[in-house]
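Student: Line by line, the protein sequences give chains A and B.
Numbering-wise, the first sequence is residues 19 to 450 according to this note's numbering.
Numbering-wise, the second sequence is residues 19 to 450 according to this note's numbering.
2 protein chains.
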Amino acid sequence: MKFSQFGHKFSQKTGALQLMDDLAYAAGSGQIQAMLGGGNPARIPEVEAAYQQAYSDLGAAGFSEVVASYSGSQGDAAFLQTLADFFNRQYDWGITPAHIAITNGSQNAFFYLFNLFSGAYEGGQTRQILLPLVPEYLGYADVHVDAPHFVAARPQIEATQYRGQAGFFKYRIDFAEVERLLAAGDVGAICCSRPTNPSGNVLTDAEIARLSALAASYDIPLIVDYAYGEPFPGIQFTPVQLSLAPHHILCFSLSKTGLPSLRTGIVVAAPEVIAAISALNATLSLAPGRLSAAIARPLLAHDGKGSLRQLSQEVIRPFYQARADFAIDLLRQELAGYPLRIHQPEGAIFLWLWFEGLPISTNTLYEELKAAGTLVVPGAYYFPGIDTSQDRHAHECLRMSYAQDEATLRIGISSIARLVKQAYQKGKDHAP
Amino acid sequence: MKFSQFGHKFSQKTGALQLMDDLAYAAGSGQIQAMLGGGNPARIPEVEAAYQQAYSDLGAAGFSEVVASYSGSQGDAAFLQTLADFFNRQYDWGITPAHIAITNGSQNAFFYLFNLFSGAYEGGQTRQILLPLVPEYLGYADVHVDAPHFVAARPQIEATQYRGQAGFFKYRIDFAEVERLLAAGDVGAICCSRPTNPSGNVLTDAEIARLSALAASYDIPLIVDYAYGEPFPGIQFTPVQLSLAPHHILCFSLSKTGLPSLRTGIVVAAPEVIAAISALNATLSLAPGRLSAAIARPLLAHDGKGSLRQLSQEVIRPFYQARADFAIDLLRQELAGYPLRIHQPEGAIFLWLWFEGLPISTNTLYEELKAAGTLVVPGAYYFPGIDTSQDRHAHECLRMSYAQDEATLRIGISSIARLVKQAYQKGKDHAP
Numbered sequence: 019m020k021f022s023q024f025g026h027k028f029s030q031k032t033g034a035l036q037l038m039d040d041l042a043y044a045a046g047s048g049q050i051q052a053m054l055g056g057g058n059p060a061r062i063p064e065v066e067a068a069y070q071q072a073y074s075d076l077g078a079a080g081f082s083e084v085v086a087s088y089s090g091s092q093g094d095a096a097f098l099q100t101l102a103d104f105f106n107r108q109y110d111w112g113i114t115p116a117h118i119a120i121t122n123g124s125q126n127a128f129f130y131l132f133n134l135f136s137g138a139y140e141g142g143q144t145r146q147i148l149l150p151l152v153p154e155y156l157g158y159a160d161v162h163v164d165a166p167h168f169v170a171a172r173p174q175i176e177a178t179q180y181r182g183q184a185g186f187f188k189y190r191i192d193f194a195e196v197e198r199l200l201a202a203g204d205v206g207a208i209c210c211s212r213p214t215n216p217s218g219n220v221l222t223d224a225e226i227a228r229l230s231a232l233a234a235s236y237d238i239p240l241i242v243d244y245a246y247g248e249p250f251p252g253i254q255f256t257p258v259q260l261s262l263a264p265h266h267i268l269c270f271s272l273s274k275t276g277l278p279s280l281r282t283g284i285v286v287a288a289p290e291v292i293a294a295i296s297a298l299n300a301t302l303s304l305a306p307g308r309l310s311a312a313i314a315r316p317l318l319a320h321d322g323k324g325s326l327r328q329l330s331q332e333v334i335r336p337f338y339q340a341r342a343d344f345a346i347d348l349l350r351q352e353l354a355g356y357p358l359r360i361h362q363p364e365g366a367i368f369l370w371l372w373f374e375g376l377p378i379s380t381n382t383l384y385e386e387l388k389a390a391g392t393l394v395v396p397g398a399y400y401f402p403g404i405d406t407s408q409d410r411h412a413h414e415c416l417r418m419s420y421a422q423d424e425a426t427l428r429i430g431i432s433s434i435a436r437l438v439k440q441a442y443q444k445g446k447d448h449a450p
Numbered sequence: 019m020k021f022s023q024f025g026h027k028f029s030q031k032t033g034a035l036q037l038m039d040d041l042a043y044a045a046g047s048g049q050i051q052a053m054l055g056g057g058n059p060a061r062i063p064e065v066e067a068a069y070q071q072a073y074s075d076l077g078a079a080g081f082s083e084v085v086a087s088y089s090g091s092q093g094d095a096a097f098l099q100t101l102a103d104f105f106n107r108q109y110d111w112g113i114t115p116a117h118i119a120i121t122n123g124s125q126n127a128f129f130y131l132f133n134l135f136s137g138a139y140e141g142g143q144t145r146q147i148l149l150p151l152v153p154e155y156l157g158y159a160d161v162h163v164d165a166p167h168f169v170a171a172r173p174q175i176e177a178t179q180y181r182g183q184a185g186f187f188k189y190r191i192d193f194a195e196v197e198r199l200l201a202a203g204d205v206g207a208i209c210c211s212r213p214t215n216p217s218g219n220v221l222t223d224a225e226i227a228r229l230s231a232l233a234a235s236y237d238i239p240l241i242v243d244y245a246y247g248e249p250f251p252g253i254q255f256t257p258v259q260l261s262l263a264p265h266h267i268l269c270f271s272l273s274k275t276g277l278p279s280l281r282t283g284i285v286v287a288a289p290e291v292i293a294a295i296s297a298l299n300a301t302l303s304l305a306p307g308r309l310s311a312a313i314a315r316p317l318l319a320h321d322g323k324g325s326l327r328q329l330s331q332e333v334i335r336p337f338y339q340a341r342a343d344f345a346i347d348l349l350r351q352e353l354a355g356y357p358l359r360i361h362q363p364e365g366a367i368f369l370w371l372w373f374e375g376l377p378i379s380t381n382t383l384y385e386e387l388k389a390a391g392t393l394v395v396p397g398a399y400y401f402p403g404i405d406t407s408q409d410r411h412a413h414e415c416l417r418m419s420y421a422q423d424e425a426t427l428r429i430g431i432s433s434i435a436r437l438v439k440q441a442y443q444k445g446k447d448h449a450p
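(1) Just to check my reading of the structure: A/P306 and A/T121 have Cβ atoms closer than 8 Å, yes? What is that Cβ distance to the nearest angstrom?
(2) Where do the N-terminal and C-terminal ends of the beta strand (DSSP E) with B/R190 fall, by residue?
(3) Using 8 Å as the threshold, is the C-beta distance between A/Y244 and A/Q362 below it?
(4) Measure the C-alpha to C-alpha separation of A/L131 and A/P289 and round it to an integer number of angstroms.
(5) What in chain B is Cβ-close to A/Y163, meaning under 7 Å?
(6) Tell whether a beta-carbon distance below 8 Å holds between A/I191 and A/G365.
(7) Can you confirm whether B/S136, when its beta carbon is compared against all beta carbons of chain A, has any partner nearer than 8 Å?
(8) Could you tell me if A/K27 is buried or exposed, where buried requires 16 or more neighbouring beta carbons within 10 angstroms of its beta carbon?
(9) Using the rule of at least 16 other Cβ atoms within 10 Å of the residue's Cβ for burial, across every protein chain shown, is B/D40 buried or exposed?
(10) Is there a C-beta anywhere in chain B that falls below 8 Å from the one on A/T214?
(11) With DSSP as the reference, label B/L240 as helix, strand or coil.
(12) Taking only three categories from DSSP, how would you classify B/Y180?
(13) Rounded to the nearest angstrom, what separates A/Y109 and A/S325 at their Cα positions?
(14) Output the distance between the C-alpha atoms of B/S273 and A/Y399, rounded to the nearest integer angstrom.
(15) Can you pull out the residues from the stretch 292 to 305 of chain B whose beta carbon lies closer than 7 Å to at least one beta carbon of chain A?
(16) If we cut at 8 Å on Cβ distances, does B/H266 have a partner in chain A?
(17) Would B/L262 pass as a contact of B/W372 if the rule is Cβ separation under 8 Å?
(18) Shortest alpha-carbon distance to A/S296 belongs to which of A/L98, A/F24, A/F21 and A/L427?
(19) Determine, using beta carbons only, whether A/E195 and A/P402 come nearer to each other than 8 Å.
(20) A/R61 to A/G276, Cα distance in whole Å?
(21) Run down chain B in chain order and give the residues with a C-beta less than 7 Å from the C-beta of A/P239.
(22) Buried or exposed: B/K117, going by 16 or more other Cβ atoms within 10 Å of its Cβ?
(23) Applying a beta-carbon distance threshold of less than 8 Å, which residues of chain A neighbour B/L101?
(24) Report the rounded CA-to-CA distance for B/P216 versus B/R107, giving the unit in angstroms.
(25) Between B/F128 and B/V286, which are expected to be in contact by the criterion C-beta below 8 Å, what is the C-beta distance as a whole number of angstroms?
(26) Could you check whether the Cβ of B/G403 sits closer than 8 Å to any Cβ belonging to chain A?
(27) Taking the continuous alpha helix (DSSP H) assigned at B/L277, which residues delimit it?
(28) Per DSSP, what are the beta-bridge partners of B/P396 in this structure?
(29) Between which two residues does the beta strand (DSSP E) holding B/H162 run?
(30) Between the stretch 67 to 82 of chain A and the stretch 323 to 337 of chain B, are three or more C-beta pairs nearer than 8 Å?
(31) Within 10 angstroms of the Cβ of A/D423, are there 16 or more other Cβ atoms? Answer buried if so, exposed if not.
(32) According to DSSP, is B/F132 part of a helix, a strand, or is it coil?
(33) Between B/L369 and B/I346, is the Cβ-Cβ spacing less than 8 Å?
(34) If the cut is a Cβ gap below 8 Å, which residues of chain B does A/V84 touch?
(35) Using Cβ-Cβ distances below 9 Å, what residues of the stretch 88 to 118 of chain B are close to chain A?
(36) Using a Cβ cut-off of 8 Å (strictly closer), state whether A/A78 contacts chain B.
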């Protein structure tokens with residue numbers, strides 16, 4: 019049996035597959051004490067209680083009603099209406115269900131969008147996805163049906179303080195580089211996540227506005243991935259505006275609110291983009307799964323107590339902010355005196371650690387940590403569109419999740435500290 | 019905003035999209051009295067009761083356990099083990115979880131498989147999917163990421179009797195044609211559905227064995243789609259054997275057992291094929307949905323009363339057989355004296371009607387029926403790999419579902435009969 023080129027491309031070991039394999043390994047092997055890799059959200063009792071209430075309210079008979087029929091390929095009609103109303107309440111966008119499509123998870127939406135807006139074009143042109151700031155989500159890297167089509171801008175790095183303390187930094191978009199890449203003429207869309215997975219960076223409203231204007235001037239879409247951000251799960255610690263324009267494509271997800279395995283991505287965009295996504299849903303999987311519509315709809319139908327809006331703002335966000343602070347304190351304590359720098363924690367469920375001058379690559383550190391029972395994700399995965407082979411910064415960074423409980427974070431951070439110190443020490447021993 | 023070639027290809031109006039749009043139209047427009055299009059299964063109380071019991075047994079707390087974590091990209095580990103045990107009990111295949119992957123519905127599996135085993139190959143070769151017998155499932159037609167890659171063999175048509183009555187026919191594989199197509203040298207895989215959607219044909223064990231031997235001799239896989247067949251939902255009215263060999267890829271689905279909107283496809287194949295599907299799952303959607311694993315697992319863990327095996331054989335199959343017979347009787351009664359021929363009803367949930375010499379195309383008949391409140395699917399959609407523009411047979415056939423209740427079948431069949439008679443009558447009036 020011989021695989022096609024498509025088969026060879028997609029059966030390679032990708033970053034996303036590595037991540038999912040690590041999740042399965044952590045769950046099944048018994049060898050991992052601290053799972054700080056992956057993007058599994060925390061289990062938050064108050065949020066689970068709300069979803070459990072929805073499960074009970076739906077009931078067994080309601081379950082049968084929902085699962086007995088396919089939804090349309092755009093998604094469950096009532097859910098689309100509830101979502102349109104929800105977004106209009108929050109942002110006054112004036113959208114209708116024609117502006118919304120459901121996908122089998124947000125990753126699935128990015129497979130669609132990147133292939134819709136890059137790769138081969140009629141007339142022999144090839145277009146690229148422009149990532150205006152890397153590091154950026156590794157799951158983007160391998161979704162193209164043929165070869166990767168990315169151009170990316172390395173960020174400017176700004177030293178920052180967090181809670182009055184130094185040792186932090188923030189990425190800023192290098193707009194001169196972004197404009198240079200756009201002017202090169204083969205960009206099909208601009209894409210960024212907000213907050214950014216992996217760094218926890220939140221692009222400012224000014225940065226988004228400038229990207230939007232640039233995209234409009236090139237007649238290309240601006241895709242913004244809000245999987246960790248507003249309005250749900252709302253894991254961002256600085257206030258932001260969400261804007262919608264005809265050339266904006268906004269992606270949302272129920273995963274990080276606590277429903278990862280119901281696989282529910284939500285795309286808000288112009289109707290012609292939604293029509294293309296519906297068509298892709300039909301051809302690739304007939305229709306998206308429908309149960310999440312029934313489970314999440316009651317929580318999206320209002321914004322009061324027990325709504326997803328209220329839970330996001332008053333439960334989920336403070337939960338993660340407290341855990342981020344816990345992890346930061348522990349890291350700085352364990353690695354006091356070492357050149358640890360942490361990206362300004364502005365959102366998402368990860369800390370992005372930068373070990374400047376680390377004598378080993380974080381790929382090696384990842385392997386050592388895995389052997390010691392702690393999983394993280396090495397930094398170099400997060401630079402789609404960049405050749406990182408000579409890029410020190412990429413290999414000095416790693417992503418760790420802080421979604422685990424405090425005991426697990428203690429174990430994992432203690433391992434990280436021990437092996438990082440060891441690496442720096444070995445580097446000193448071998449220094450000329 | 020400009021779409022890529024991929025975007026243009028996948029945003030076309032495909033057969034699958036038409037079908038899904040019709041489902042949504044039927045559900046939402048209030049204009050359709052008889053939905054005999056689409057592939058939505060019937061709601062069977064005894065089966066729903068079993069799934070409802072599983073829902074209740076899982077409970078709200080169990081629900082949280084399931085949805086709170088991604089499964090691995092191959093699927094829920096416990097579900098894979100249950101499925102391996104299930105298949106080994108039925109067929110003694112000796113498989114392990116490494117032989118099984120879960121996809122977001124069976125359609126999704128075919129998107130993967132057809133792109134894995136046809137299209138562009140290294141070295142500049144292009145390979146095709148060989149459909150040894152068309153008509154074949156329309157959802158196959160548009161899944162290739164670039165252009166369709168099919169070769170197909172028209173069937174031999176054999177007059178048959180059903181319950182002692184003439185007016186029936188059965189498709190048989192034209193093996194001379196199949197061998198000619200294989201010898202042409204660019205076939206990447208052979209694929210068939212069993213029972214066949216749309217015709218209800220069930221390929222015989224001898225036909226499958228011969229296809230398997232041919233596939234083996236060309237070192238290509240034989241893909242068999244059991245979405246409507248053994249072992250669940252078991253909607254086939256003639257006994258069949260299921261064989262597994264290293265070059266077989268068998269596809270199953272929970273949809274037609276009553277869970278269409280949980281989107282659960284199951285692929286059984288050699289571990290290297292399963293690894294490729296897992297990798298595709300990871301890249302395209304991280305992981306398949308997990309809830310169906312929790313709902314269906316209890317019904318697959320044994321074969322006694324209330325198991326999916328028992329329900330398939332003793333409830334689902336007789337249910338559809340009775341409904342097929344009801345629809346057949348009604349059709350023959352309403353169209354007595356007209357040249358209606360029905361494909362031998364051997365399984366699946368459809369009747370395949372052939373109106374020989376019909377003066378209008380069934381595309382036109384479909385439009386007329388839709389305007390009159392009845393949905394069916396015109397035949398020409400079901401001939402991937404065949405140029406049907408000059409093919410009378412394709413345009414004389416249509417597919418109607420018999421999954422609806424008797425009252426709905428009465429309405430729909432009455433409409434079909436009225437408009438078919440009208441068409442024949444007009445043809446006579448205009449005859450020279």
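Ideal placement from N, C-alpha and C gives every residue a C-beta, glycine not left out.
Tutor: Let's see:
(1) 6 Å
(2) Q183 to R190
(3) no
(4) 14 Å
(5) It is Val, not Tyr, that sits at residue 163 of chain A in the sequence shown. Here the neighbours are F24 and V163.
(6) no
(7) yes
(8) buried
(9) buried
(10) no
(11) strand
(12) strand
(13) 16 Å
(14) 37 Å
(15) A293, A294, A297, L298, A300, T301, L302, S303, L304 and A305
(16) no
(17) no
(18) A/L98
(19) no
(20) 7 Å
(21) M19
(22) Before going on, a small fix: residue 117 of chain B reads as His here, not Lys. Buried, because 16 or more other Cβ atoms sit within 10 Å of the Cβ of B/H117.
(23) Chain A residues near B/L101: none, gap ~16 Å exceeds 8 Å.
(24) 30 Å
(25) That pair is no contact at about 14 Å.
(26) no
(27) Note, B/L277: premise wrong, no alpha helix (DSSP H); not H, not E.
(28) B/L416
(29) Looking at the DSSP string, B/H162 is not in any beta strand (DSSP E), and its letter there is neither H nor E.
(30) no
(31) exposed
(32) helix
(33) yes
(34) S279
(35) Y88, S89, G90, S91, Q92, D94 and A95
(36) yes
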